[in-house]
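I have placed the structure first, in the form of structure tokens, so that the comments after it can refer back to it.
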Amino acid sequence: QTPLKKMAANIASEEGYIPPLVIQPSSKLVGIDYSLPIPSAQVKSCVLLAGLYAQGKTCVKENTSTRDHTERMLQTFSYPIEVNHQSVCVEGGGKLIASKIEIPGDISSAAFLIVAALISKNSTLAIRNVGINPTRDGVIQILRLMGADILISNKRKMGMEPVGDLLIQSSELHGIEIPQSLIANSIDEFPIIFIAAACAQGVTTLNGAEELRVKESDRIAVMANGLRVLGINVDEKPDGLVINGGKFQGGEIDSGGDHRIAMAFAIASMQANAVITVRNTENVMTSFPNFVETVSNLGLKVSQH
């Protein structure tokens, strides 16, 4: 039974939890104790926000810590919340108090620019006001393990969120076995991490990331197929990839309508020996509206059709 159903939410769907969804008022939401079967900040946030309007206490337990933006937001709005090492609890019926909010630059968007600088020769790039929340900085840690020269300075807080300025220098990357402890904190950045791995010397291995198969696309399969089109030797696993670093050829990539995959292969073109065409890129406008303008300013030759 899904967590919202356990809370007595009145939600119906087609078999297999697919649209259309029918959501009707519930006579009474009840607080629950819920253990996440796989790490998911989205599910955690969903249960916590429902818990604000439930009777009693709602607790979410997780074996691996996931991003905590929702918890920090609730604290900013002065809502009572208990945050322990592997659990978060809220009591229903509290009061949210209005507050001025400043939103840091998104590290997921910055990741594309970081890798662009790393794989370009004689490159230096500064990115200001990037969110460096410790539950989101896995991409920086992984790239540093691969040999990336990334300096974080001017660390401070923007509301409840830690931010900093990044200085990235082009670097000779090498393959690694990605620590499973960093997967949850970098789950959205793996498309561009895979591009970095393809540009690295040696082999990069990722295991334990089955959640990538149920993101906006099956990111394991779509990235593996795209990398092969560009001439990279890739071994696809049920829960990850083994990527042998190499040289990008040109080719035509279907992003599967996944904005992060589309942007990742656009960055790959910086190291390709021929033109890369990426199809189904409309969703890029939703997550990073000025992506083309930004990467064009960095020297990437991009044309839209």
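Count along the sequence shown starting at 1, add 76, and that's the number in this note's numbering.
Where a beta carbon is used, it is the ideal one built from N, C-alpha and C, also for glycine.
Return the CA-CA distance between residue 219 and residue 374, expressed in angstroms with no decimal places. 20 Å
Between 79, 249 and 319, which has its C-alpha nearest residue 283's C-alpha? 319
Give the range of the alpha helix (DSSP H) segment to which residue 217 is assigned. 214-221
With a floor of 3 residues, list each beta strand (DSSP E) that falls wholly inside the stretch 225-280, ordered by position along the chain. 225-234 and 237-245
CA-to-CA distance, residue 172 to residue 300, given in whole angstroms: 45 Å
Work out the CA separation of residue 177 and residue 149 for me, nearest whole Å. 9 Å
Can you tell me where the beta strand (DSSP E) with residue 207 in it begins and where it stops? 200-207
In terms of residues, what are the limits of the alpha helix (DSSP H) holding residue 304? 295-305
Nearest-angstrom beta carbon gap, residue 207 and residue 182 [assumed within contact, 8 Å]: 6 Å
Using the three-state DSSP reduction, which class does residue 314 fall into: helix, strand or coil? coil
Span of the alpha helix (DSSP H) holding residue 323? Here residue 323 belongs to no alpha helix (DSSP H), and DSSP marks it neither H nor E.
At a cut-off of 7 Å, would you count residue 358 as near the ligand MG, judging by its Cβ distance to the nearest heavy atom? Of ligands this structure carries none, so the ligand MG is not represented either.
Where residue 172 falls: helix, strand or coil (DSSP): coil
Alpha helix (DSSP H) segments (min. 4 residues) lying fully within the stretch 136-197: 145-152 and 183-195
Should residue 95 and residue 102 be called a contact, given that it needs their Cβ atoms to be closer than 8 Å? no
Taking all protein chains shown into account, do 16 or more other C-beta atoms lie within 10 angstroms of the C-beta of residue 93, making it buried, or fewer, making it exposed? exposed
Can you tell me which residues form a DSSP beta bridge with residue 282? 317
Alpha carbon to alpha carbon, what distance is there between residue 167 and residue 352? 52 Å
Distance, Cα to Cα, residue 210 vs residue 143? 8 Å
How about residue 124 and residue 136: are their beta carbons less than 8 Å apart? yes
If we call anything under 8 Å between Cβ atoms a contact, is residue 241 one with residue 204? yes
Opposing strand residues paired with residue 100 [DSSP bridges]: 86
Between residue 175 and the rest of its own chain, which residues show a CB-CB distance below 6 Å, the 5 nearest in sequence each way excluded? 152 and 153
Beta-carbon spacing of residue 349, residue 326 below 8 Å: yes
Who pairs with residue 355 in a beta bridge, going by DSSP? 330
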